[in-house]
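Asks: Numbering (the working numbering), first residue to last: 13 to 293. For glycine and all other residues, C-beta sits at the position ideal for the given N, C-alpha and C.
1) Am I right that residue 102 and residue 211 are in contact with their C-beta atoms under 8 Å? What's the rounded C-beta distance?
2) In chain order, what residues of the same chain have a beta carbon less than 7 Å from the beta carbon of residue 187, not counting five sequence neighbours either side?
3) Can you have a look at residue 72 and say buried or exposed, based on whether 16 or more other CB atoms are within 10 angstroms of its CB?
4) Within 10 angstroms of the Cβ of residue 65, are there 16 or more other Cβ atoms? Answer buried if so, exposed if not.
5) Assign residue 189 to buried or exposed, taking buried as 16 or more other Cβ atoms, counted over all protein chains shown, within 10 Å of its Cβ.
6) Would you mind stating whether residue 288 and residue 269 have Cβ atoms separated by less than 8 Å?
7) In terms of residue numbering, what span does the alpha helix (DSSP H) encompassing residue 271 cover?
8) Residue 175 lies in the alpha helix (DSSP H); which residues open and close that run?
9) Let's see if you can read the secondary structure: which residues bound the alpha helix (DSSP H) around residue 83?
10) Could you spell out where the alpha helix (DSSP H) holding residue 288 opens and where it closes?
11) What does a CB cutoff of less than 6 Å around residue 257 pick up in its chain, not counting 5 residues either side in sequence?
12) By DSSP, does residue 210 sit in helix, in strand, or in coil?
13) Looking at the structure shown, is residue 164 part of a helix, part of a strand, or coil, going by DSSP?
14) Do the CB positions of residue 89 and residue 63 come within less than 8 Å of each other?
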């Protein structure tokens, strides 16, 4: 399920030939604000179970360590923790944003969805997963299609119990992906590829995300505004931002093209539309 590795933790103070599992263990980190709501058969009402209980269920199913702490982005992620120094934890490549169908629909309407996706794409972890719970697929067809186009993995579960099973499965898959990689393989990288990049520590990563969340640049605000336009996703917004990083830049481009069109007798509106249309090709 999970096989490609783009970044790895430091492998200092280890004997050449040692495997990843001899130096590290994989630990799942759940956001300590996560809520697991068990709904009745009617789909209405229900109760919120303790995070401790559900983290214990993941722990029992995966046979791995599951910690809870504050995550500044996402609902779950994974770290490599050194056996000889448990305080040293390095980010692995995976992060999960978990939402119910109702939460996802609501966040799309109030713009939270676009902001979360934008921040997830900037978090530095390449394997981003959306876990959509209580999944009625027809209701979220547009959202999941956009997510897939943007390079995210979309997972579906019918309820909390299935989500627990999925979390445990991801834990085992990540541990298996890294387990037998050796010091020399980590330094060398896969055949025909550059060596994997060194991963951030969990502390540095979480602090960076907190800092990034506090302040958005003019360019980032412009990008988020563009994504509120129907049919405009990140794949279209990025080339616009690369050429025109602010509203002012884009407006200037429109004005210049319209002035040139008027001077030549061309249609200024038609030419102005081409400013953005050409970027989509």
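Replies: With the structure as the only source:
1) 4 Å
2) 38 and 76
3) exposed
4) exposed
5) buried
6) no
7) 259-276
8) 172-191
9) Careful: residue 83 lies outside any alpha helix (DSSP H) and carries neither H nor E.
10) 280-289
11) 231
12) strand
13) coil
14) no
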